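Report on the structure given below.
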Amino acid sequence: MRPSGMHLIFLISHKPYIPYFCSHIYKKHYIQLIMQTTLSEQELVRREKLSRLQAAGIDPYPAPLYPVTHHSADIKAAFTEENKEAFSKVCVAGRIVSINDKGKVFFIKIQDSKGIFQLYVKRDELCPDEDKSFWENVVKHGLDLGDIIGATGYVFITKTGETSLHTETITLLSKSLKPLPVVKRDEDGNVHDAVTDPEFRYRQRYADLIVTDGVKETFVKITKMKNAIREYLNQQGALEVDTPVLQSIPGGAAARPFITHHNALDIPLYLRIANELYLKRLIVGGFDFVYEFSRNFRNEGMDRTHNPEFTVLEFYVAYKDYYWMMETTEQMLEKVALATNDTTVAKVGENEINFKAPYARVSIYDAIKEHTGFDISEMDEAGLRDVCKQLNIPVAPSMGRGKLIDEIFGEKCESNYIQPTFIIDYPIEMSPLTKKHRTKAGLVERFELMVNGKEVANAYSELNDPIEQRERFEDQLSLMERGDDEAMFIDHDFLRALEYGMPPTAGIGFGIDRLAMMLTGQSSIQDVLFFPQMRPEKG
RNA sequence: GAUUUCGUAGCUCAGCUGGUAGAGCAAUACACUUUUAAUGUAUGGGCCCUGGGUUCGAGUCCCAGCGGAAUCACCA
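Counting from 1, position 443 in the first sequence corresponds to residue 444 in the numbering used here; the numbering is continuous, with no gaps.
Laid out in structure tokens, this is it:
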């Protein structure tokens, strides 16, 4: 039978802040969450330890800065018996990840931002006098896995050969009240009892970062990748810009938007599905080369390659065309891959993908001919429907010629392009913002970059004829009337901008999360987003 | 949205054809002054996801719900 204390309810002393717009249901849910948090045995033990530390005059959450001088990995890399003088006064800090209690000696491993480092903590060193209360109260009975501590001392190498800190002082910097999952690593580097539950890992990414090997490294790589992209573009003279996330007309892509409401204006607003139309307005305004890492929002399904919010890098360059853009793309990706992984080859599952330029260029008609045997270049909508039927591809009546071709390609061709490949010259119906092909009737100057069977980038010679752009928008409108809920709206302000005159321009959008997946070898988008979208936790 | 599958201690996981729960790590206590997945001894810890049903009896079987994952559909 548990003592009643085990059922302690964690009460908050002040009134919880509940946002005024919360519905009654959310309010109820929120209060339940706070009031019904029952503590586990171990959580209670930690709270008791906290009280005992405070009673002993130790502040478990001290305010002053802690003068850290070294990081774990730096000491391990630099320390030798010969230069030990340089490590005679060292101050480190980190989270306790293991405590090995040897009686009057503790081996405590702390994890800092660069790795794990061992503290050798001897009772008579910390408490040289008769008074051993600090040892008893803090080291022996006050510390837990997960606590953040600081330590000073000198570096040495133990009998077993591990570079360690001979500890002279220990300071508790933050008491941990919630036990972390315990993951053990043996001397061969094998991990035991790793946390594999995706729900835990994604919901509590903070804990995942502490406990799961390689997670931090993945995100560091992603930042490197983005930095390399910025560096490349900045060197080309590009200007990084910001454009609206809240838009009254969600344009630039075919997708279902999230809708929200602006109270003061009393109008609906949409979270952007793309930033394309705004970047082109800036080209009209006289910038030659602009880019933006655009967080886009699409109200569609989610799975291992789709998150409701995701990042697209778009850039637009005046006086260029899509051929120029292909060259720029392959040059940039080669450099970015190299900067991220020190090699142009990325391993994704079974496949080795080489980002070294140049990449193959295949027209979409050739791709379809190669993988299905059908030459559809001259076919009308009825012919395409017949081909889809023969290929067992389900189609909807709302689909026009362009969409049908897209279906055939997506179904039968896309997955075959493992190495980076430009698929070029798309049918006009599926590209309402793209310039007509200079020589091939019915096609536009557009390419998609396929890598590992997935679309990574989409680019074109931008349509800058305002009259034709208006007609293309109107075609979209008729698609909408046929029932295509992803067809584009007419953006009159964008048309007005084009009427002032936009130089010939090449533009591209990169799926940054997908690129991140490939360059870090992850197979799900959740593993390249710190906080992937999840269903709300139940109360 | 559809199908399949999973949900047991803080963590990783056992639990057979139904008989009201086990291990390792973590926790608590003790021992051990250079350990390394430390060790030894002892102890505590479970609304077996939730709600129904079948049954003398359900962690186990059935139904519904919640949550996760995989596959498919839509999309990047």
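We put the CB at the ideal spot given by N, CA and C, even for glycine. Here the structure is a predicted model, which is why all the values come from computation and not from measurement.
>> What does DSSP give as the partner residue(s) for Tyr155 in the beta ladder?
In response: Looking at the DSSP output, Tyr155 bridges to His167.
>> For Lys437, list the residues DSSP reports as bridge partners.
In response: DSSP lists Val445 as the beta-bridge partner residues of Lys437.
> In chain order, what residues of the same chain have a beta carbon less than 7 Å from the beta carbon of Cys128, not counting five sequence neighbours either side?
Replying inline: Counting only residues of its own chain and dropping the five nearest sequence neighbours on each side, Cys128 has a CB closer than 7 Å to the CB of Phe135, Trp136.
> Do you know whose CA, among Ser73, Thr172, Val93, Lys133, lies nearest Lys105's CA?
Replying inline: In terms of Cα proximity to Lys105, the closest of Ser73, Thr172, Val93, Lys133 is Lys133.
> Could you give the distance in angstroms between the alpha-carbon of Ile32 and the alpha-carbon of Pro309?
Replying inline: Bear in mind that a pLDDT of 33 at Ile32, under 50, signals an unreliable position, so the number given afterwards is only what the model happens to contain. Between Ile32 and Pro309, the C-alpha separation is close to 28 Å.
> Taking DSSP as the reference, what is the three-state secondary structure of Ile260?
Replying inline: Strand.
> Arg296 lies in the beta strand (DSSP E); which residues open and close that run?
Replying inline: Note, Arg296: beta strand (DSSP E), 290-298.
> Quick one: Cα of Arg515 to Cα of Asn393, how far?
Replying inline: Going by C-alpha positions, Arg515 is about 29 Å away from Asn393.
>> What does the alpha-carbon distance come out to for the pair Val192 and Glu42?
In response: If I take the Cα positions, the gap works out to 26 Å.
> Based on the DSSP secondary-structure assignment, which residues constitute the bridge partners of Cys92?
Replying inline: As computed with DSSP, Cys92 is found in a beta bridge with Thr153.
> How is His71 classed by DSSP in three states: helix, strand or coil?
Replying inline: In the structure shown, His71 sits in coil (DSSP, three-state: anything other than H, G, I, E or B).
>> Measuring alpha carbon to alpha carbon, tell me which residue in Glu163, Leu166, Gln205 is nearest Leu181.
In response: Of the candidates Glu163, Leu166, Gln205, the residue whose Cα lies closest to the Cα of Leu181 is Gln205.
> Are Ala460 and Gly508 close, meaning C-beta to C-beta below 8 Å?
Replying inline: A contact, by the Cβ cut-off of 8 Å.
> Going by C-alpha distance, which of Val346, Asp367, Tyr366, Gly154 is nearest Lys357?
Replying inline: Check the Cα spacing between Lys357 and each of Val346, Asp367, Tyr366, Gly154: the tightest is with Val346.
>> Tell me the rounded alpha-carbon separation between Asp304 and Glu456.
In response: Taking the straight line joining both Cα atoms gives about 16 Å.
> Where does Ile394 sit, in a helix, a strand or coil, going by DSSP?
Replying inline: Three-state DSSP puts Ile394 in coil, outside helix and strand.
> Does the beta-carbon distance from Pro433 to Arg473 come in below 8 Å?
Replying inline: Cβ distance < 8 Å, so Pro433 and Arg473 count as in contact.
>> If I follow the unbroken beta strand (DSSP E) through Tyr461, where does it start and stop?
In response: Unbroken beta strand (DSSP E) run through Tyr461: 455-462.
>> Counting beta carbon pairs with one atom in the region 526-539 and one in the region 334-341, are three or more of them shorter than 8 Å?
In response: Verdict: no, contact absent.
>> So, at 7 Å on beta carbons, what are the nonlocal neighbours of Glu163 in its own chain, with the 5 sequence-adjacent residues on each side left out?
In response: Cβ within range, chain order: Gln119.
>> So, with DSSP's three-state summary, where would you put Ala338?
In response: The answer is helix: DSSP assigns Ala338 an H, G or I state.
> Pick from Ile369, Val445, Asn297, Thr440: whose alpha carbon is nearest that of Glu430?
Replying inline: Distance from the Cα of Glu430 is smallest, within the candidate group Ile369, Val445, Asn297, Thr440, for Val445.
>> According to DSSP, simplified to helix, strand and coil, what is His173?
In response: Looking at the sequence shown, residue 173 is not His but Leu. In the structure shown, the three-state DSSP call for Leu173 is strand.
> With Asp148 and Ile76 assumed to form a contact (beta carbons below 8 Å), what rounded beta-carbon distance in angstroms separates them?
Replying inline: With a contact defined as Cβ atoms closer than 8 Å, Asp148 and Ile76 miss out at about 21 Å.
> In whole angstroms, what separates the C-alpha of Ala64 from that of Phe448?
Replying inline: Each residue's alpha carbon lies about 56 Å from the other.
>> Contact defined as beta carbons within less than 8 Å: I believe Asn1 pairs with Phe311. What is the distance between those atoms, to the nearest angstrom?
In response: With the chain represented from 2 up to 540, any question about residue 1 goes unanswered, as that position is not in the structure.
> Any idea what DSSP makes of Thr197, helix, strand or coil?
Replying inline: Coil at Thr197, not helix or strand.
> Okay, do the region 212-223 and the region 315-322 touch, 3+ Cβ pairs below 8 Å being the bar?
Replying inline: No, because fewer than three Cβ pairs between the region 212-223 and the region 315-322 fall closer than 8 Å, the two stretches do not touch.
> Is Pro258 near Leu247, with beta carbons less than 8 Å apart?
Replying inline: The answer is no: Cβ separation not under 8 Å.
> By DSSP, does Asp102 sit in helix, in strand, or in coil?
Replying inline: Residue state, collapsed to three classes: strand.
> On the three-state DSSP scale, how would you describe Ser364?
Replying inline: If DSSP states are grouped into helix, strand and coil, Ser364 belongs with the strands.
>> Among Gln55, Lys348, Glu415, Gly238, whose alpha-carbon lies nearest the alpha-carbon of Ile369?
In response: With distances taken between Cα atoms, Ile369 lies closest to Glu415.
> If you drop the 5 nearest sequence neighbours on each side, which residues of the same chain put their C-beta closer than 7 Å to that of Pro359?
Replying inline: Apart from sequence neighbours up to five positions away, the residues of its chain that approach Pro359 with a beta-carbon distance below 7 Å are Glu331, ordered along the chain.
> Shortest alpha-carbon distance to Lys90 belongs to which of Ile109, Phe107, Val69, Val183?
Replying inline: Ranking the options by Cα distance to Lys90, first place goes to Val69.
> In this structure, does DSSP put Leu270 in helix, strand or coil?
Replying inline: Reduced to three states, the DSSP call for Leu270 is strand.
> What's the call for Lys281, buried or exposed, on a 16-neighbour Cβ count within 10 Å?
Replying inline: Buried, because 16 or more other Cβ atoms sit within 10 Å of the Cβ of Lys281.
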